[in-house]
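Have a look at the structure below, then the notes.
In my numbering, the protein residues as written are 19 to 124.
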């Protein structure tokens, strides 16, 4: 499973209006396959949730992003995966300030 596979799967869920499924799938792919979609997928899930009035789904995905901020590698994670998670954690568009601004917009 690659980041583009995860992105395509999330897009599929969002295309049929299943925001909860998209968020759950991203979390499951991360937990089971050590893969994250591009950061834009996280933003898309949150934006879809907010634009459809699904505030708790948006908060649930933000909680997942917050867990990424706290994530620490273990001995079974390879260096490439650690770099991807670190880049996602440090992405300014997924920062606390940026996410708060996104919620205020909606």
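Backbone N, C-alpha and C fix where the C-beta goes; we use that ideal spot for every residue, glycine too. Predicted, not measured: the structure shown is a model, and the values here were computed from it.
CB of residue i within 8 Å of CB of residue j, strictly
i	j	result
residue 55	residue 24	yes
residue 99	residue 52	yes
residue 61	residue 37	no
residue 63	residue 26	no
Identity of the residue in the options nearest residue i by Cα
i	options	result
residue 67	58, 57, 78	78
residue 48	20, 121, 64, 30	20
residue 105	119, 86, 123	86
Collapsed DSSP secondary structure at residue i in the structure displayed
i	result
residue 52	coil
residue 41	helix
residue 109	coil
residue 93	coil
Which runs of the beta strand (DSSP E), 3 residues or longer, sit entirely within the stretch 54–85?
Within the stretch 54–85, no run of beta strand (DSSP E) at least 3 residues long lies entirely inside it.
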